[in-house]
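Please read the structure below before turning to the comments.
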Amino acid sequence: MFPGVSRRLFFERQAWRRRLLWDKEQFMYFNSTAFFWFLTGFLLLFFLVRGSLVNRNRLIVAASYFFYGWWDWRFLSLLLLPSVADFFVGSLMENATGAKRRRLLAFSLLVNLGVLGFFKYFDFFWENVFQGLSALGIQANVPMLNVILPVGISFYTFQRLSYTIDVFRGRVKPTRDIVAFLAYVSFFPQLVAGPIERAASLLPQFTSARRITVSGTEMGVWLIVWGLFKKVVIADNMGPLVDMVYTDPTAKGPVIALATLAFGVQIYCDFSGYSDIARGVASMLGFQLMLNFNLPYFAVTPSDFWRRWHISLSTWFRDYVYIPLGGNRRGAARNILSLLLTMLLAGLWHGAGWNFILWGLWHGVMLGIFRNYSPEGSLRALLGWMVTMAVVFYGWMLFRAQSFEQIRNYTVHIWLPEFPDWFTSYGLNVSVFLVPLVLMQLWQKKSGDLMPALRLPAVWRYALQSVMLYCVAVFGVAKGTPFIYFQFWSGAGDGQSPIWVAVFRGLAGSRVATGSGFVGGWVGPLGGGCGDVPSTSAYVGCRSDGHHSASRRKPGRNADGGTVVGGLVLLDGCRYAVACWANGRWGVEPGNIELPEFGSLLDPAKESFGRNWDSSPQGCNVGSPWLCVERFVVARSPGCSRPLFVGERSFLWCG
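Under the numbering used here, the first residue of the sequence shown carries the number 1000, and numbering increases by one thereafter.
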């Protein structure tokens, strides 16, 4: 009787089943339904084999490799083969001496750093080499390899290296249990984003019985809930606010400082949230992972900050890079040089980009300048905190910036007293998501306990956790949004970050690339406008003559060769329908969307949404080079967990 409704219900039911039962398109982030079902199944199996040490370790290895293979099974060999090699290197070191022992260590370093260097840095250095040759007038046309970066490779590589180096130094006895060693390297809670564990603390936990206790479970549940709250409620809602400014090359004044503050909160809540969830899952299994964050924004010196921020990484570089370089034992000049080299490598470890290198050097210089500063006394402590936060948050601007030009512009323009009309509402949005973090951090600081909620009576603790979970459900954005540190350090962010649609604030004035004819911008990991577009993007937009594109063709390849007005966008296996209301008409009518699961493009029940913009200063006349986009509507097909986010620019110049 109602074929349209029946068809809609069928597709929605199928989408619901795909999301809940077997959504292979969804990466196994800690905040995804895929990880929820994986962890549920693992906990049941773990409970069944808890009495057998051998079977427990076998289950952990199998589950960890399944977890890693879910991201991309092709990279399982990068996890397995070097791990096996390091296991035998450690075994051979036990009876080796002198040159043979050093050769074994060199082999481990060559294998691990060679694999890491190729996958993470080959294209970066290759591109810069040819840019340098071109600057010298030497033309070389060698194609890039476009190497895919395996998720988590920086973390588990450093964890393996700590084992072979400590065995070489005689600080750790090599294990003879290869299953326990594989479990140590691949333990899924901390496999892809740390903490970077040391063999001396984690490996013995796989060679001895673990007890699942009430206190350990309570601590684990609290860490998971608090970590999810920080990630989903705070970090994911700060992200769009940060992107709104940092994708605007014309941003000026205090809004830059506010966006940088928001980014500092975003990256802290994102990464510390991941670490908390990792520690919480491990605690529920009877394992203890190291503390990775200890109120870093209460630091009173730059060195104090690095004792509190990403502790597993900072101590790794301290023990295996800074101290071997001389540390503070060979005079001031050598100390400063050691700091600079250590932080340069730490910046490069974060990602293959000049902004990461500059960020590392910035911190190295500041560590050198303030290495002898003593924050004794309340006044000096307050002054030290203010200076340290200025150093840290300017560093976050370097970390987040996309180019040297943006760094220069933002550094100069941040001091201009310019307040856009939306500054007040922008600050209010930042404050809303900042307040719960500040309150919790003050509670932690005042109590001297990073988990003060565990001291509360059970009824109050459960109530607080329920409120947090409610906020995760209500205020959480884009379920399964990638952790930001995956994008910088693991490669999972390429093409997987929230997809931003065209029409961004500050892009008026961008001109269409010669011969492209596109208006309205492109869809891709970072968003953009009418100018140059990455090859990985899909073109969308509106045209002022009211014509539409063929909906089943790839966006950007219109049947009549004209400008794209919307139609179908295909990204990561998800289908998105895009339409624009411009110059008095819809560019794409519902009938042009030929996929039955969309129904009517403008039906709110199909997760469509729109945004109104102001009129352009040139009006909305057909044929005008100013394109007035009054409304931008996007519908996503059922089964797609990642929505499209709409920008906020009222017009584009695409003459």
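Just so it is clear, CB atoms sit at the ideal spot from N, CA and C, and this is done for glycine as well.
Look at Q1130 here: in three-state DSSP terms it is helix.
Straight-line measurement puts the Cα of A1400 at about 27 Å from the Cα of Y1155.
Of the residues F1124, W1070, R1055, the one whose Cα lies closest to the Cα of I1152 is W1070.
Taking a 10 Å sphere around the C-beta of A1199, we find fewer than 16 other C-beta atoms and assign the residue as exposed. Of the candidates F1205, G1226, S1133, R1197, F1205 places its Cα closest to the Cα of I1177. Within the same chain, F1316, V1320, Y1321 come within 6 Å of T1341 by CB-CB distance, once the 5 residues on both sides are set aside. Judged by beta-carbon spacing, I1211 lies within the 8 Å limit of L1284, meaning their Cβ atoms are closer than that value. The Cβ atoms of D1269 and G1226 lie no closer than 8 Å to each other.
Secondary structure within the region 1393-1435: the alpha helix (DSSP H) runs of 4 or more consecutive residues, fully enclosed, are 1403-1412 (chain order). Within 10 angstroms of the beta-carbon of V1473 lie fewer than 16 other beta-carbons, which makes it exposed.
Burial state of E1093 is exposed, judged by a 10 Å Cβ sphere holding fewer than 16 other Cβ atoms. Under the three-state reduction of DSSP output, G1363 falls in the helix class. In this structure, P1456 keeps its C-beta atom at 8 Å or more from the C-beta atom of W1442. In this structure, P1203 lies away from N1291, with their beta-carbon atoms at least 8 Å apart. Of R1197, V1364, L1339, L1453, the smallest CA-CA separation from S1311 is found for R1197.
A Cβ-Cβ separation of about 26 Å leaves N1127 out of contact with L1160 under the 8 Å criterion. Boundaries of the alpha helix (DSSP H) harbouring Y1245: 1235-1245, taken from the DSSP string. For A1062, the closest C-alpha among the options F1045, V1431, F1124 is that of F1045.
Exposed is the label assigned to Y1461, since fewer than 16 other Cβ atoms lie within 10 Å of its Cβ.
Nearest in C-alpha terms to A1258, of all of M1243, Y1267, G1272, is M1243. Between M1467 and F1228, the C-beta gap is smaller than 8 Å, which places the two residues in contact.
Per DSSP, reduced to three states, the secondary structure at N1371 is coil, with no helix or strand assignment.
R1278 counts as buried, since no fewer than 16 other beta carbons sit within 10 angstroms of its beta carbon.
Distance between H1349 and M1388, taken at the CA atoms: about 20 Å. Taking the CA atoms as reference points, K1444 sits about 28 Å from W1361. Only residues of its own chain outside the window of five on either side were considered, and among them V1088, L1091, M1092, A1095 have a CB closer than 7 Å to the CB of L1103, listed in chain order. The Cβ neighbour count for A1098, taken over all protein chains shown within 10 Å, is under 16; the residue is labelled exposed. DSSP places Q1265 within a helical segment (H, G or I) once states are collapsed to three.
Selection A1179, R1101, L1047 evaluated against V1053 yields A1179 as nearest (Cα-Cα). In the DSSP assignment, G1040 falls within the alpha helix (DSSP H) that extends over 1032-1047. In this structure, DSSP gives M1218 a helical state, which the three-state scheme calls helix.
Proximity to F1297 across F1422, Q1287, W1308, L1288 peaks at W1308, based on C-alpha coordinates. Across the set G1352, S1082, N1428, S1076, the C-alpha of G1352 shows the shortest separation from the C-alpha of F1403. Counting along the chain, N1334 sits inside the alpha helix (DSSP H) bounded by residues 1330-1349.
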